[in-house]
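By the count of our numbering, the sequence shown reaches residue 346 at its end, each step adding exactly one. Backbone N, C-alpha and C define an ideal beta-carbon position, used for all residues, glycine too. Some notes on the structure that comes next.
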Amino acid sequence: MGSRIRTMQKQARELGRLRTGYSVPSDDPKKRDRPVKSKTWVLSSHAEHYVAAAAEAWGGEVERWQPQGNGAPQFRVITAAEQLDAILPPGDPLSQANEMWNKGGCARRCDGMTEQISRHPCLCLAEHGPEWHLLRQELRTKDKVCAPTSRLNVVLPDMPDVGVWRVETHSFYAANELAGTVDMVLSGSGGKGLVPVLLRIEPRTRVAGGKTKHFPVVVVEVRGVTTRQALTGPLPTAVALDPTGARAVAAIEAPRPDYLALAEGALTVDDVQDVYRNANAAGHLNDDLVAALKRKAEELKNPAPKPDPEPDEDGVYPAEVVDETEQANTWPAVARAGSAN
């Protein structure tokens, strides 16, 4: 692999968006389009062939679509799929903030304690109290209170090209649950390797203040592997791409070799490098193993000098075993030295 600019983020290209709603023309032509909550996934992209591939895989019709505002025209498809197979890419795929947008862009971006643009304490908390997130629907406006905004990057393994699709949701409940699931997975994988997941649009109901509210929530669940397997460490790529396939099952069921024992038994640096390559191919490398392999390689490169032999209590030195080849080469020299005397 070539060199990289160390101060630049390595970020996969965004191929499109995964949405849980769409807009339809309002009955009043003077008003903006009316938002509609979708029970199935909506995919949008600037590239028509991405959307066409999604329509072929999950149903729906490809259509031209103009995002609200001044965005460039795109393509979208309202699929028939309530769930999608996806993969969490390496690193931290989730970004969250409480945000308020207006025509001038992002007016507020807050981590729940500090508003990042003004550097003041949370403005929504100060203005509306601890239940400020419930006011967004009551106020019927987006420029009075922030929305908990979650952006999750996922890979759709069956779509064309290499890149990520962004799931964006403004649900308070999704914000809590997405962070909990992703952080648990990251605690096991360390942000290394791929994790197979299932994206679902789950209908929810909330009853409060004598009112019943129905709303969709984006749910992420680990797909094709158990919790134990997902939290043990980075999964092999074969498992992430096809967790139910024969190669994936073999990779999961195969016992993990004792790499430390193999390293301790290595006789040459090449043997240590073989252990490293095998562990890397199986997705079993971790910081402790790499440190142990480096330490063993250094020991083999620079072996400690053997101490001089010491006599036992009778004054006898331990015998030195000489192999046949060395003995054959040594005896003529001894004979020559004896005849010279």
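Check for me: the beta strand (DSSP E) holding R114 runs from which residue to which? Position 109 of the sequence shown, counted from the start, is the residue given in the question as residue 114. Here the beta strand (DSSP E) through R114 covers 110-115.
Rounded straight-line distance, which links the Cα of N103 to that of D90: Walking along the sequence shown from the start, residue 90 turns up at place 85. Walking along the sequence shown from the start, residue 103 turns up at place 98. Those two C-alpha atoms are separated by around 28 Å.
Quick one: Cα of G134 to Cα of G117, how far? For the purposes of this step, residue 134 is identified with residue 129 of the sequence shown, where counting begins at 1. For the purposes of this step, residue 117 is identified with residue 112 of the sequence shown, where counting begins at 1. Looking at the two C-alpha atoms, the distance is approximately 12 Å.
Are at least three pairs of beta-carbons, each pair with one atom in the stretch 270-281 and one in the stretch 187-196, less than 8 Å apart? no
Range covered by the beta strand (DSSP E) that runs through K44: The residue labelled residue 44 in the question sits at position 39 within the sequence shown. Looking at the DSSP string, the run of the beta strand (DSSP E) that includes K44 is 39-50.
CB contact flag (I83, V47, <7 Å): To locate residue 83, count along the sequence shown from 1; it is residue 78. To locate residue 47, count along the sequence shown from 1; it is residue 42. Cβ distance < 7 Å, so I83 and V47 count as in contact.
Does the beta-carbon of V202 have 16 or more other beta-carbons within 10 angstroms, so that it is buried, or is it exposed? Position 197 of the sequence shown, counted from the first residue, corresponds to residue 202. Under this definition V202 is a buried residue.
Please list the terminal residues of the continuous alpha helix (DSSP H) segment that includes R282. Taking the sequence shown and counting its residues from 1, the one referred to as residue 282 is at position 277. It spans 274-286 - the alpha helix (DSSP H) in which R282 sits, taken as one unbroken run.
Is DSSP giving N232 helix, strand or coil here? The residue labelled residue 232 in the question sits at position 227 within the sequence shown. The sequence shown places Thr at residue 232, rather than the Asn named in the question. T232 falls in the helix class under three-state DSSP.
Check the DSSP bridge columns for K218 and list the partner residues they point to. To locate residue 218, count along the sequence shown from 1; it is residue 213. According to DSSP, K218 bridges with R211.
C-beta atoms of Y281 and L265 nearer than 7 Å: Your numbering for residue 281 matches position 276 in the sequence shown. Your numbering for residue 265 matches position 260 in the sequence shown. Not closer than 7 Å, so no.
Length of the line joining the Cα atoms of V248 and A112: Indexing the sequence shown from 1 puts residue 248 at position 243. Indexing the sequence shown from 1 puts residue 112 at position 107. Sequence inspection shows Pro at residue 248; the Val mentioned does not correspond to that position. Taking the straight line from one Cα to the other gives about 43 Å.
Considering only the beta carbon of each residue, do T45 and A86 sit closer than 7 Å? Against the sequence shown, residue 45 aligns to sequence position 40. Against the sequence shown, residue 86 aligns to sequence position 81. Going by C-beta atoms, T45 is nearer than 7 Å to A86.
Taking only the alpha-carbon atoms, compute the straight-line gap between L139 and I92 and give it to the nearest angstrom. Taking the first residue of the sequence shown as position 1, residue 139 is located at position 134. Taking the first residue of the sequence shown as position 1, residue 92 is located at position 87. Approximately 32 Å, taken between the alpha carbons.
What's the gap between the Cα of A251 and the Cα of P98? Taking the first residue of the sequence shown as 1, we reach residue 251 at position 246. Taking the first residue of the sequence shown as 1, we reach residue 98 at position 93. In this prediction, A251 scores a pLDDT of 48, lower than 50, which makes its location untrustworthy; the coordinate-derived value is nonetheless stated afterwards. Each residue's Cα considered, the two are about 28 Å apart.
Alpha carbon to alpha carbon, what distance is there between A302 and D279? Taking the first residue of the sequence shown as position 1, residue 279 is located at position 274. Taking the first residue of the sequence shown as position 1, residue 302 is located at position 297. About 11 Å.
Per DSSP, which one or two residues make a beta bridge with A102? For the purposes of this step, residue 102 is taken as residue 97 along the sequence shown, with counting starting at 1. For A102, which the question treats as bridged, DSSP gives the partners T154.
Taking the beta strand (DSSP E) that S28 falls in, what are its first and last residues? Sequence index remark: in the sequence shown, residue 28 carries index 23 (1-based). Where S28 is concerned, the enclosing beta strand (DSSP E) stretches over 19-29.
Could you tell me if V159 is buried or exposed, where buried requires 16 or more neighbouring beta carbons within 10 angstroms of its beta carbon? Here residue 159 refers to the residue found at position 154 of the sequence shown. Under this definition V159 is a buried residue.
Ends of the alpha helix (DSSP H) at A59? For this step, residue 59 is matched to residue 54 along the sequence shown. Unbroken alpha helix (DSSP H) run through A59: 53-63.
Can you grab the Cα-Cα spacing for the pair V227 / Q234, in whole Å? Here residue 227 refers to the residue found at position 222 of the sequence shown. Here residue 234 refers to the residue found at position 229 of the sequence shown. So the alpha carbons of these two residues sit roughly 10 Å apart.
Spatial neighbours of A287 within its chain, please: CB distance less than 7 Å, with the 5 preceding and 5 following residues excluded, ordered by chain position. Start at 1 with the first residue of the sequence shown, and residue 287 comes out as number 282. Excluding residues within five positions, the ones whose Cβ falls inside 7 Å are P241.
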